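Just below is one structure, and these are the notes that go with it.
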């Protein structure tokens, strides 16, 4: 949490090891992030898909806004995306979130 608050990059060590191993070989990396997102990260992503802000998600889950931002840093890294919108669209593409669920 301190690292996230300090603006440092935080990522799952197992995922980073996989990325570095493939990068060293010059191979493209195909990550099935469904196996790597935690239950809480999936919950945060679903709430974002419903249009909730970081503050709303934090309040709803009883977390701080900084913790929610930290979850998004991890989600973006695991999914290889750079924004909440990209993460939600990729989750819809993968079938994790249905368009009806997004209407919330």
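In the UniProt record's numbering, the protein residues as written are 1 to 104.
For each residue, glycine too, the CB sits at the ideal point set by N, CA and C.
As the structure is a prediction and not an experimental result, all values here were calculated from the model.
Item: Looking only at its chain, what residues have a beta carbon closer than 6 Å to the beta carbon of residue 95, apart from the 5 residues adjacent to it on each side?; Value: none
Item: Quick check: the stretch 86–95 against the stretch 52–71, are at least 3 beta-carbon pairs closer than 8 Å?; Value: no
Item: Mapping DSSP to helix, strand and coil, what is residue 78?; Value: helix
Item: Considering only the alpha carbon of each residue, which of 40, 36, 53, 39 lies closest to residue 85?; Value: 53
Item: Which of the three DSSP states is assigned to residue 70 in this structure?; Value: helix
Item: Rounded to the nearest angstrom, how far is the Cβ of residue 68 from that of residue 75, given a contact under 8 Å?; Value: Contact flag wrong, Cβ pair sits at about 10 Å.
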